[in-house]
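Residue numbers (the numbering used here): 3 to 267.
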Amino acid sequence: MITTDLTPGSPCWLDLGAPDVPAAAAFYGAVLGWEYESMGEGEDMEGGMFRKDGKTVAGLGRLTEEGARSAWMIYYAVTDADATTQAVERAGGTVRVPPRDLDEWGRMAQYSDPLGGQFAVWQPGKDAGFELADEPGSLSWTELYTSDAAAAQEFYGAVFGWQFSDMELPGGGGTYTLITPAGLPEERMQGGVMQVRQEDLALANGRPYWHPVFAVADCDAAVAKVTENGGSVQMGPADAEGVGRLAVCVDPSDADFVVLTPAEE
Numbered sequence: 003m004i005t006t007d008l009t010p011g012s013p014c015w016l017d018l019g020a021p022d023v024p025a026a027a028a029f030y031g032a033v034l035g036w037e038y039e040s041m042g043e044g045e046d047m048e049g050g051m052f053r054k055d056g057k058t059v060a061g062l063g064r065l066t067e068e069g070a071r072s073a074w075m076i077y078y079a080v081t082d083a084d085a086t087t088q089a090v091e092r093a094g095g096t097v098r099v100p101p102r103d104l105d106e107w108g109r110m111a112q113y114s115d116p117l118g119g120q121f122a123v124w125q126p127g128k129d130a131g132f133e134l135a136d137e138p139g140s141l142s143w144t145e146l147y148t149s150d151a152a153a154a155q156e157f158y159g160a161v162f163g164w165q166f167s168d169m170e171l172p173g174g175g176g177t178y179t180l181i182t183p184a185g186l187p188e189e190r191m192q193g194g195v196m197q198v199r200q201e202d203l204a205l206a207n208g209r210p211y212w213h214p215v216f217a218v219a220d221c222d223a224a225v226a227k228v229t230e231n232g233g234s235v236q237m238g239p240a241d242a243e244g245v246g247r248l249a250v251c252v253d254p255s256d257a258d259f260v261v262l263t264p265a266e267e
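Below, the structure is given as structure tokens:
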């Protein structure tokens, strides 16, 4: 269960790098009911914040990294971004953006895991992160697709101290590894690791990738909005026992995400 309590190692923010900021704002507004607030436009910066019911849920910025694909970046809360950077390097990861202060708001850094999966951390200052989670139109889960789940557990366990537990997928679909922040009970599970074939990682040119799962009130209605607004569906909508009804989607710029209507408890 993702919350906004800033437990170290839990998701606390996410943002999208998109080649066309207004188009991305319009797409996610239609699909998730988000309102977009621009923080400015210019040569050096174009982007802003997504809000749901007046609460901040994510960020949006213009994709500027040459050769990079449009994708969601998930940030995990840490108490010391510099110490986390050292842990990433010790565990064989790569520092993409060294720790840096964003005025008084906080301190961030971005990394790649040893197989190339990209993620980020946020050391809160005045800004704790998103203000809404586990509600329709907000982040409810995070998921890593990788060709080596064991290596992912070793790396992320060393960096964040995450706890892992395995469950068998129905129908012989393999093993899914659940993630819980260090020291917390299993009901605080926040994400999962899914081992897939190398060829299933084509979106990221064979590298692992994280994607967000957004809660929605009606999965089928959300999927209809995805396709009506130029996106596509990779899988679903389908029912997952004990989880809910979900679909794996891709926006018009090929950034992937999942929409999920949780199963009723």
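C-beta atoms are modelled at their ideal positions from N, C-alpha and C, and glycine is treated no differently.
Cβ-Cβ separation, residue j to residue i (assumed contact under 8 Å), whole Å
i      : j      : result
PRO116 : ALA153 : 7 Å
PRO264 : GLY246 : 4 Å
TRP36  : PHE52  : 4 Å
ILE76  : LEU34  : The Cβ separation is near 16 Å, so there is no contact.
CYS221 : ALA249 : 6 Å
TYR38  : ALA25  : 11 Å between Cβ atoms; not a contact.
VAL23  : ARG64  : 5 Å
ALA257 : SER72  : 4 Å
THR182 : VAL195 : Incorrect: roughly 12 Å between the Cβ atoms, too far for contact.
VAL218 : GLN236 : Actually they do not touch by this definition, with Cβ atoms about 16 Å apart.
THR58  : PHE132 : 6 Å
Residue i and residue j closer than 8 Å at C-beta
i      : j      : result
THR5   : ALA130 : no
ALA60  : LEU18  : yes
GLN197 : SER149 : yes
TRP124 : GLY139 : no
ASP261 : ALA224 : The identity of residue 261 in the sequence shown is Val, whereas the question assumes Asp. Yes.
SER40  : GLY50  : yes
ALA20  : SER255 : yes
THR81  : VAL161 : no
SER12  : GLN155 : no
LEU186 : THR9   : yes
SER119 : ARG209 : The sequence shown places Gly at residue 119, not Ser. Closer than 8 Å, so yes.
ALA111 : PRO101 : yes
Opening and closing residue of the beta strand (DSSP E) in which residue i lies
i      : result
VAL261 : 258 to 264
ASP241 : 234 to 242
GLN165 : 165 to 170
GLY246 : 246 to 252
GLY194 : 193 to 197
PRO13  : 13 to 20
ILE181 : 177 to 182
PRO214 : 211 to 217
Extent of the continuous alpha helix (DSSP H) run through residue i
i      : result
ASP222 : 221 to 230
Q) Whole beta strand (DSSP E) runs in the region 80 to 163 with 3 or more residues, listed along the chain? A) 96 to 103, 108 to 114, 120 to 126 and 141 to 148
Q) For the region 31 to 64, which segments carrying the beta strand (DSSP E) assignment without a break, of at least 3 residues, lie completely within its bounds, in sequence order? A) 37 to 43, 48 to 54 and 57 to 64
**Q.** Touch test, the region 133 to 148 against the region 211 to 218, Cβ-Cβ under 8 Å, three pairs minimum
**A.** yes
Q | Validate contact between the region 92 to 100 and the region 222 to 238 using beta carbons, cut 8 Å, 3 pairs | A | no
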